[in-house]
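Chains as they are written, first to last, in my numbering: chain A, 43 to 408; chain B, 320 to 474.
Yeah, the Cβ is synthetic: ideal placement off N, Cα and C, and Gly gets one too.
All figures in this text were calculated on a predicted structure; none of them were measured in a lab.
Everything on this sheet refers to the single structure shown next.
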Amino acid sequence: MIAAAQPVSTAIADFLAELVGMPPNWFFSAIAMLLVATGVLMLVVTPVGLGGVYIERKFAGRMQNRRGPNRVGPYGLLQTLADGVKLLAKEDIIAPSTDAPLFRLAPYVVFIGAFTGFVVLPYAPGIVAGPLDVGVLLFLALIAFETIGIVMAGWSSNNKWSLLGGMREVAQVVSYELPLGIAAMCPVIAAGTMSLNGITDYQGGGGIFGWLILRNGYWAVVMVPAFLIFYVSGLAAAKRAPFDLPEAESELVAGFHTEYSGMRFGMFFLPEYALMLSISGVTSVLFLGGYHDPFGLSGPGGTFHDVWWWGLLWFFLKTTFLFLSQICLRWTLPRMRIDQVMYLCYKVLLPASLACLVGTAALRLL
Amino acid sequence: MKNWFARIWHGLKTTLIGLSITVPYLFRKPYTLQYPEEVPDIPETERGLHNFEIDKCIACYQCAKICPVDCIAIEDEIKGKNAVLLKFEIDYTKCLFCALCCEPCPTECILMGPTFDLVGYTRDEVIIDYADRENPRTWSAGEQIPYPIASFARK
Ligand code: SF4
Ligand code: SF4
């Protein structure tokens with residue numbers, strides 16, 4: 043993506059400079075980069091937001107024997123768009139007792155934290171926005187960054203429900219971050235790199251037994267538990283049920299975003315789906331072979347080696363599968379209590395992830 | 320330690336059991352009836368909006384008298400031996416669909432019908448005049464009324 047974005051932004055910069063009649067300089071490049079970034083964001087946000095919310099509501103409906111949205115547009119496809127327009131048109135209320143600067147800033151922090159995660163994901167051979175050497179680290183950092191926005195919202199709202207939601211988020215973060223990071227370290231140790239591209243390349247060839255979760259068969263001993271730990275912590279990171287304690291609509295009204303209305307609420311609503319998708323993407327890269335297919339056709343020497351659409355297809359399939367499984371879990375499990383989350387994260391996931399880490403290191407040495 | 324593993328296993332197992340209950344619903348036909356487009360099955364004895372056989376009515380006011388909420392308003396004109404209905408209005412903002420009006424009618428010309436929905440923007444729109452032959456629920460002589468309530472058909 044970066045390969046395509048650069049010439050476009052250069053062209054826009056040149057065009058702008060010509061329009062003003064000045065030699066192209068950094069100023070025009072900066073404006074052009076902003077424009078391109080906005081365009082890419084729009085291209086990502088729109089399908090992620092609209093698609094994610096639509097699928098969630100449709101699934102929720104069907105799992106409860108209802109139909110879900112089906113009135114606006116064919117099959118109700120435009121329902122989310124209509125809701126978006128409604129959110130835009132609503133009054134933006136900022137209560138006088140809120141800590142206004144923080145209150146205004148919080149949605150953007152959450153939004154940025156959730157959507158930046160897509161930068162490091164390798165979608166297909168050659169399609170990655172930022173092929174960082176420390177992709178895993180950046181991703182984990184972004185998840186933590188998103189949390190800051192939520193705590194900010196909870197604190198600055200000056201509302202007991204919001205504060206409780208924010209406090210729960212803090213309690214939840216300190217418990218799930220550890221197993222999340224440690225479980226993510228298992229593939230990192232196995233592949234010997236922190237770059238998501240590197241980890242994907244490492245899993246190429248050998249089909250499903252090249253994927254880290256089943257690598258050579260025996261790696262499954264540590265990787266299946268590590269996958270489950272990462273998946274569960276990822277659910278907690280995306281604040282999905284059964285870990286939706288910060289929001290907890292039945293006890294805390296709407297948790298940390300109780301006081302938000304209009305588009306500011308939308309800015310909390312969309313990132314949830316973005317985060318679900320990006321966490322699903324990272325899970326599929328770390329454990330399920332990223333864009334490699336289960337038949338070994340995309341590995342070195344395979345028929346579809348370095349074919350971008352084949353990779354994109356498999357990445358899409360895996361990510362969608364994980365995304366849908368998260369939705370199914372949400373409509374299946376009841377919300378946990380905060381002490382149960384603590385128990386799960388500290389007493390179950392943390393020791394288990396440490397054991398996986400040690401096991402991975404041992405297998406790596408073999 | 321044994322307990323620890325047992326709890327993990329229990330958690331995983333119960334999650335899978337839960338999923339095995341909820342996921343099949345995804346592939347089941349939803350129960351929802353798309354109401355304005357699809358009309359539900361109405362039983363024959365439904366007490367909905369009245370059906371009225373205008374040519375049988377003798378304007379005896381029995382129905383108006385027995386109505387517990389006084390929602391039937393009749394006006395008539397004597398022409399020779401017969402009475403001609405000028406107005407036979409039922410105010411559906413008041414009617415409680417008790418079917419009491421059907422019982423005393425000597426000619427069995429007012430009956431409960433199957434229509435259960437009636438909407439209007441003003442209250443006047445739900446006051447229906449059955450003396451108007453254009454009314455879809457007013458039946459002239461010889462027409463077959465759908466769904467007459469079985470228990471009232473004293474032959
Ligand atoms: S159904 Fe009952 S309330 Fe309605 S018009 Fe007849 S007697 Fe009156
Ligand atoms: S009781 Fe029957 S016949 Fe008498 S006025 Fe009412 S509808 Fe007409």
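With a threshold of 7 Å on Cβ separation, who are the neighbours of residue i within its own chain once the five nearest residues in sequence on each side are excluded?
i	result
B/G379	According to the sequence provided, residue 379 of chain B is Cys. The question's Gly does not apply to it. Only P425 meet the Cβ criterion.
A/F307	L129, H299
A/A262	I255, L256
A/S326	G332, F357, K360, T361, L364
A/T140	S198, S199, N200, E301
B/D395	A378, A402, V403, L404, L405
A/G353	A166, P167, Y333, S340
A/W373	F101, A102, M105
A/G344	G338
A/L174	V162, L180, S237
Just tell me which of the options has its CA closest to the CA of residue i.
i	options	result
A/L256	A/P65, A/R377, A/G63, A/A232	A/A232
A/P267	A/A171, A/V78, A/V114, A/P393	A/P393
A/L361	A/W373, A/S340, A/L328	Note on residue identity: the sequence assigns Thr, not Leu, to residue 361 of chain A. Ranking the options by Cα distance to A/T361, first place goes to A/L328.
A/L359	A/H347, A/I369, A/G332, A/Y385	A/G332
B/L368	B/D448, B/A450, B/F435, B/E453	B/F435
A/G118	A/G103, A/D141, A/L129, A/K132	A/G103
A/Y96	A/S320, A/Q214, A/V114	A/V114
B/E356	A/N112, A/A166, A/T122, A/V82	A/N112
A/N239	A/L184, A/V324, A/L287	A/V324
A/V178	A/G304, A/D141, A/I321	A/I321
A/A403	A/A225, A/G155, A/E211	A/A225
A/A124	A/L184, A/V193, A/L92, A/P143	A/L92
B/D389	B/L437, B/I397, B/E408	B/E408
A/L386	A/V400, A/V274, A/D286	A/V274
Got a sec: is the Cβ-Cβ distance from residue i to anything in chain B below 8 Å?
i	result
A/R99	no
A/R108	yes
A/R379	no
A/K375	Reading off the sequence, residue 375 of chain A comes out as Leu, not Lys. For A/L375, the answer is yes, since a Cβ of chain B falls inside 8 Å of its Cβ.
A/C387	no
A/G398	In the sequence under discussion, the amino acid at residue 398 of chain A is Cys, which differs from the Gly named in the question. By this cut-off, A/C398 is not an interface position.
A/M43	Because A/M43 carries a pLDDT of 45, less than 50, the predicted location of this residue cannot be relied on, and no value is offered for it.
A/L147	no
A/V390	yes
A/M105	yes
Can you find a CB in chain A that lies within less than 8 Å of the CB of residue i?
i	result
B/P349	yes
B/A472	In this prediction, B/A472 scores a pLDDT of 48, lower than 50, which makes its location untrustworthy; the coordinate-derived value is nonetheless stated afterwards. Cβ-Cβ to chain A under 8 Å: no for B/A472.
B/Y344	yes
B/I327	yes
B/A469	Unreliable placement is indicated for B/A469, whose pLDDT of 47 sits below 50; the coordinate value is still reported in the next sentence. No, its Cβ sits nowhere closer than 8 Å to a Cβ of chain A.
B/T334	yes
B/T434	no
B/T457	no
Cβ of residue i within 7 Å of any heavy atom in ligand 2?
i	result
B/C428	yes
B/C414	no
B/I393	yes
B/K378	Per the sequence shown, residue 378 of chain B should be read as Ala rather than Lys. Yes - ligand 2 has a heavy atom lying nearer than 7 Å to the Cβ of B/A378.
B/C288	The question about residue 288 of chain B has no answer here: the residues shown for chain B are numbered 320 through 474.
A/P376	no
B/C382	yes
B/P349	no
Cβ of residue i versus every heavy atom of ligand 1: is any distance shorter than 7 Å?
i	result
B/C420	yes
B/I385	yes
B/L437	no
B/I446	no
B/C424	no
B/I373	no
A/L370	In the sequence as presented, Leu is not what sits at residue 370 of chain A; that position holds Cys. Result no, Cβ not under 7 Å from ligand 1.
B/I409	yes
Return the chain-ordered list of same chain residues with a C-beta closer than 6 Å to the C-beta of residue i, the five sequence neighbours on each side being excluded.
i	result
B/R366	F416, A418, M431
B/E372	C428, W458
B/T412	R442, V445
A/F101	I369
B/C382	I391, C420, C424, I429
A/R99	G110, P111
A/Q121	P111, V114
Run through chain C and tell me which residues come within less than 8 Å of residue i, C-beta to C-beta.
i	result
B/L338	Among the protein chains of the structure shown, namely A and B, there is no chain C.
Looking only at DSSP bridge pairs, what is residue i linked to?
i	result
B/L404	B/D395
A/A166	A/I169
B/L430	B/N370
A/I250	DSSP output for A/I250 lists no bridge partner at all.
Tell me which same chain residues have a C-beta within less than 8 Å of the C-beta of residue i, skipping the five on either side of it?
i	result
A/T52	S71, A74
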